[in-house]
Amino acid sequence: MNLTAKKVATDNIEPSDPTNKVIIRKYCRKDREALRTICADTGFLGKPIDPVFEDRELFADFLTRYYTDIEPESAFVCEMNGKVVGYLIGCCKPRWKFWYHLLYDPLLFFKACYRYFFKPYNAATKKYIQWVLTRGWRETPPAPKDCPHFHINLLESVKSPTTTRRLIDSFLAYLVSKGHRKVYGQIVVFGDRRKPALFRRFGFEVINCMEVTKYKEHYPSKIFLFTVVKDLEKRPLLYSK
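According to full-length UniProt numbering, the sequence shown is numbered sequentially starting from 1.
Set out below in structure tokens:
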């Protein structure tokens with residue numbers, strides 16, 4: 001699937017327009033391409049990944065394929081005017097995900113190696129792959145074992161506290177209905193965004209953080225990856241007490 005020229009159209013989306021109704025719903029198969037495109041369009045700190053890593057197909061495969069193809073029942077999308085403009089992909093079966101990556105990641109590795117030498121990739125993409133192979137695993141903080149987790153991405157044009165809350169709360173309610181007691185996320189923090197106090201306000205506990213250097217040549221300030229955990233028995237929703 002070629003994602004290079006396929007970006008979600010947002011020119012006519014105005015979040016402040018009350019006639020534009022945001023719908024949060026469960027993911028379905030027809031959403032797959034839009035979700036993958038959003039993943040690539042927001043992969044570089046909310047902006048398109050292309051200046052850092054040119055292979056949008058491989059990027060989306062690594063970050064979304066398990067969630068859309070193996071555990072689609074745990075995914076939600078944000079829709080406006082009939083277009084998917086954001087998503088939350090979750091995992092309630094961490095052991096399935098472990099085995100999936102153990103079996104599937106070697107294929108991605110060989111694809112990347114072949115394209116690295118024979119496509120060939122540009123210099124920025126090659127540096128990104130070098131980072132993944134030599135530093136990526138060292139710059140990923142430990143995560144709780146056997147615990148559900150999630151990733152969330154929204155196009156800039158529709159980001160708002162209300163939409164984010166509705167999307168996350170839909171997933172949290174789903175987890176509670178399945179009997180899960182905790183959930184974690186690994187959140188990128190840079191600049192003045194997403195301070196630890198914000199996580200605590202929403203009932204998440206920061207358990208660790210680590211500096212991430214993969215964007216060092218593309219972004220002037222330090223970037224961190226925080227692991228946050230929420231006790232669903234105490235606070236099942238973002239704003240619940």
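Using N, Cα and C, we set each Cβ at its ideal position, and we do this for glycine too.
Can the beta-carbon of residue i be found closer than 8 Å to that of residue j?
i	j	result
Lys222	Glu211	yes
Leu154	Thr162	no
Lys111	Leu198	no
Ala143	Gln186	yes
Ala60	Ala34	no
Thr213	Arg135	yes
Arg235	Gly203	yes
Leu108	Phe62	yes
In chain order, what residues of the same chain have a beta carbon less than 6 Å from the beta carbon of residue i, not counting five sequence neighbours either side?
i	result
Ile207	Thr227, Val229
Gly90	Ser74, Phe150, Phe171
Thr125	Phe53, Glu54
Thr42	Asn153
For my contact list, residue i and residue j are in at a C-beta cut-off of 8 Å; report their separation, rounded to the angstrom.
i	j	result
Val183	Pro148	5 Å
Val189	Val22	Incorrect: roughly 25 Å between the Cβ atoms, too far for contact.
His218	Val52	6 Å
Thr64	Arg29	Not a contact, Cβ separation roughly 13 Å.
Tyr215	Phe44	7 Å
Leu225	Pro106	Going by Cβ atoms, the distance from Leu225 to Pro106 rounds to 24 Å, so no, they are not a contact pair.
Would you identify the three-state DSSP class for residue i, choosing helix, strand or coil?
i	result
Ile38	helix
Lys83	strand
Tyr239	coil
Leu88	strand
Lys230	strand
residue 243	Past the edges of the chain, shown from 1 to 241, lies residue 243, and the structure says nothing about it.
Val176	helix
Arg25	strand
Val52	coil
Pro154	Looking at the sequence provided, one finds Leu at residue 154 rather than Pro. It is a strand residue.
Leu103	helix
Glu33	helix
Lys159	coil
Lys111	helix
Lys182	strand
Lys93	coil
Phe171	helix
Who are the Cβ neighbours of residue i in its own chain at under 7 Å, not counting the five residues just before and after it?
i	result
Lys97	Tyr66, Cys91
Arg32	Thr68
Glu156	Gly46
Lys93	Glu71
Leu167	Ile24, Phe76, Cys78, Gly86, Leu88, Ile152
Asp169	Leu237, Leu238
Arg115	Asp55, Tyr121
Sorted by chain position, which residues of the same chain lie with C-beta nearer than 8 Å to residue i's C-beta, five sequence neighbours on each side aside?
i	result
His101	Tyr66
Lys195	Val189
Lys178	Cys92
Cys209	Pro141, Val189, Phe224, Leu225, Phe226, Thr227
Asp231	Arg181, Lys182, Gly203, Glu205
Which runs of the alpha helix (DSSP H) at least 4 residues long sit entirely within the stretch 114-151? Give them in chain order. 123-131
Tell me the start and end of each unbroken alpha helix (DSSP H) in the stretch 184-225 that is at least 4 residues and wholly inside, in chain order. 196-201
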